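Following the working numbering, the numbering of the sequence shown begins with 364 at its first residue and continues without gaps.
Where a beta carbon is used, it is the ideal one built from N, C-alpha and C, also for glycine.
In this text, all values refer to a predicted model and were calculated from it rather than measured experimentally.
Notes follow the structure.
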Amino acid sequence: MYRIKTMNKISPKGLSRLDAARYEVSDTFENEQAILVRSAKMHDYAFPSELIAIARAGAGVNNIPLDRCAEAGIVVFNTPGANANAVKELAVCALLLASRNIVGGVEWTKEQAKAGEDVAAVVEKGKAAFAGVEIMGKTLGVVGLGAIGIQVANVAAALGMKVVGYDPFLSVRSALSLDPKVSHVQDLDTLYAASDYLSLHLPMTAETRGSINAEAYSQMKKGVRIINLARGELVNNADMKAALESGAVASYVTDFPDSEISLVPGVVPIPHLGASSEESEENCAVMAADEISDYLEHGNIVNSVNLPNLSMGWKTTARLCVISRKNPELLKDVTTMVQGITAITSNQRGDYLYILADANEISETVANQIAALDGVLRVRLLLK
Ligand SMILES: NC(=O)c1ccc[n+]([C@@H]2O[C@H](COP(=O)([O-])OP(=O)(O)OC[C@H]3O[C@@H](n4cnc5c(N)ncnc54)[C@H](O)[C@@H]3O)[C@@H](O)[C@H]2O)c1
């Protein structure tokens, strides 16, 4: 039986993926082999020696000490794309919030009701103050065509918008899923110049931090509407404030509000609701549970954030899984030491190497000898 510890409430739909005949799940284990976690802080967590995998049901992993895990031979997984539909749906809402003064209108209507006004009568007189524009026929620029950006681009095209996308690292998979009506441009200047709306779906990095700033607005159409469901730090708040005041930007819908920007006229602050749907939590939990079971039972690593990803179909009765610091000799050593190998594969990531080797028989002795080699961090012998 594998012991899985839950460090947060994990959706039952995810836990149901773990066959009760092979998995015990508890939030009190002290010698667990794997952990399912959402936001619990794990930086001070003492890892039991049995622990080999942690899956974060979600995208961000800054609650987990990735380097310490890698050095201990513990694979950390996340669930990229599992919340993409939830964010896409909020992006559709954000496009409308950026276009029509829905939030202002709703607040005003409630104020009328609280003041004892005849609401049905006053709305007809007051509604003109909240008129907006339609999205149909307008151009949306999508920055970052990954799991979320692709879906946003495609749904906007289906809603009758013209869509241009920019992604300097566009994957083949993403390119193939992109609606043919969406045009991919090679530089941001072209995208900025074309867009009535801009939707950000790129990661926050040293390079992209603050990249939505005065210089960027100077290349955009006057009155552009900006949607940020990616990360708050992508946008320079001071420049955004000035651009809203001058009319360079007509509205800014952000899922990452802070005290500096939330009360600025033209800002629609959403309290980080992008991934907050029941379905998204379920999708993340299902993906996390599947990643854990594929690794525990087959040694396959899919969506790791700290060690190399590597998968191989398994036809024999024995499989050796070796996590090591990078070592150019290790693949040769494993090939020599394991007799009768039918398949072997490896992958590197940063300073680490992962090897899968299949044979019809692999002894504990050989596995222990490989575990004792220089730089080897974890060896597992899986038997069918
Ligand atoms: N609001 C929320 O609750 C919420 C939820 C999930 C994700 N997010 C955020 O949404 C963003 C996208 O998430 P995702 O799951 O689609 O990630 P992803 O990794 O699937 O896609 C990101 C894309 O951005 C591209 N990219 C990288 N650098 C770029 C650059 N300089 N310019 C343009 N494109 C660039 C990458 O090539 C990739 O295709 C991330 O910032 C993530 O943190 C927010």
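Handout entry: Contacting residues, own chain, Cβ-Cβ under 6 Å from V485 (five flanking each side not counted)
Key = Locating residue 485 in the sequence shown gives position 122, where the first residue counts as 1. Excluding residues within five positions, the ones whose Cβ falls inside 6 Å are Q475.
Practice task
Taking all protein chains shown into account, decide if V527 is buried (16 or more other Cβ within 10 angstroms of its Cβ) or exposed.
Solution key: Against the sequence shown, residue 527 aligns to sequence position 164. Classification of V527: buried, given that the 10 Å Cβ count is 16 or more.
Exercise for the section: Tell me whether E413 sits in a helix, a strand or coil according to DSSP, three-state version. Expected result: Your numbering for residue 413 matches position 50 in the sequence shown. Coil, per DSSP.
Problem - Under 9 Å between C-beta atoms of V630 and I624 - result: The residue given as residue 630 occupies position 267 in the sequence shown. The residue given as residue 624 occupies position 261 in the sequence shown. Yes, these two residues count as a Cβ contact at 9 Å.
Practice task
Pull up the DSSP beta-bridge partners for Q582, would you.
Solution key: Stepping through the sequence shown from its first residue, residue 582 is reached at position 219. DSSP lists no partner for Q582.
Practice task
Under the assumption that A651 contacts R419 (Cβ atoms under 8 Å), give the Cβ distance between them as a whole number of angstroms.
Solution key: Mapped onto the sequence shown, residue 651 falls at position 288. Mapped onto the sequence shown, residue 419 falls at position 56. Confirmed, about 7 Å.
Practice task
Measuring alpha carbon to alpha carbon, tell me which of V535, D550, V649, S674 ends up nearest Y717.
Solution key: Here residue 717 refers to the residue found at position 354 when the sequence shown is read from its first residue. When each option's Cα is compared against that of Y717, the closest is S674.
Practice task
With hydrogens ignored, establish whether the beta-carbon of N320 is closer than 8 Å to any heavy atom of ligand 1.
Solution key: The requested residue 320 does not occur in the structure, where the chain is confined to residues 364 to 747.
Exercise for the section: Classify V469 as buried or exposed, calling it buried when 16 or more other Cβ atoms lie within 10 Å of its own Cβ. Expected result: Here residue 469 refers to the residue found at position 106 when the sequence shown is read from its first residue. Looking at its Cβ environment, which holds fewer than 16 other Cβ atoms inside 10 Å, V469 is exposed.
Exercise for the section: With hydrogens ignored, establish whether the beta-carbon of L453 is closer than 8 Å to any heavy atom of ligand 1. Expected result: As a working note, residue 453 is residue 90 in the sequence shown. Yes, Cβ of L453 sits closer than 8 Å to a heavy atom of ligand 1.
Exercise for the section: Go ahead and pull the three-state DSSP assignment for H547. Expected result: Locating residue 547 in the sequence shown gives position 184, where the first residue counts as 1. Strand at H547.
Handout entry: Same chain, Cβ closer than 6 Å to E329, neighbours up to 5 away in sequence not counted
Key = Here the chain comprises residues numbered 364 to 747, so residue 329 is not present and cannot be evaluated.
Problem - Check whether L740 and A433 have beta carbons under 9 Å apart - result: Counting from 1 along the sequence shown, the entry for residue 740 is found at position 377. Counting from 1 along the sequence shown, the entry for residue 433 is found at position 70. At a Cβ-Cβ threshold of 9 Å, L740 and A433 count as neighbours.
Practice task
Return the chain-ordered ranges of every alpha helix (DSSP H) run that is complete within the stretch 649-701 and spans a minimum of 4 residues.
Solution key: If only uninterrupted alpha helix (DSSP H) runs of at least 4 residues are considered, those enclosed by the stretch 649-701 are 693-700.
Practice task
May I ask you to check if the CB of D407 is nearer than 8 Å to at least one heavy atom of ligand 1?
Solution key: Position 44 of the sequence shown, counted from the first residue, corresponds to residue 407. Not so, every heavy atom of ligand 1 lies at least 8 Å from the Cβ.
Practice task
Under 8 Å Cβ to Cβ from G610, same chain only, skipping five residues before and after it: list those, please.
Solution key: Within the sequence shown, residue 610 is the residue found at index 247, counting from 1. Result list for G610: K585, G586, in chain order.
Problem - Bridge partners - N710, DSSP secondary structure assignment - result: What you label residue 710 is simply residue 347 of the sequence shown in a count that begins at 1. Paired residue(s): Y717.
Practice task
Round the Cβ separation of L503 and A483 to the nearest angstrom and send it over; I've been treating them as touching at under 8 Å.
Solution key: If you number the sequence shown from 1, residue 503 lands on position 140. If you number the sequence shown from 1, residue 483 lands on position 120. With 8 Å as the limit, L503 and A483 do not qualify as a contact, their Cβ atoms being about 36 Å apart.
Practice task
Consider the C-beta atom of R594 and the heavy atoms of ligand 1; say whether any pair is separated by less than 8 Å.
Solution key: As a first step, residue 594 must be located in the sequence shown, where it is residue number 231. Yes, the beta carbon of R594 sits closer than 8 Å to at least one heavy atom of ligand 1.
Problem - Status (buried if at least 16 other CB within 10 Å, exposed otherwise) for K689 - result: Sequence index remark: in the sequence shown, residue 689 carries index 326 (1-based). Exposed is the call here.
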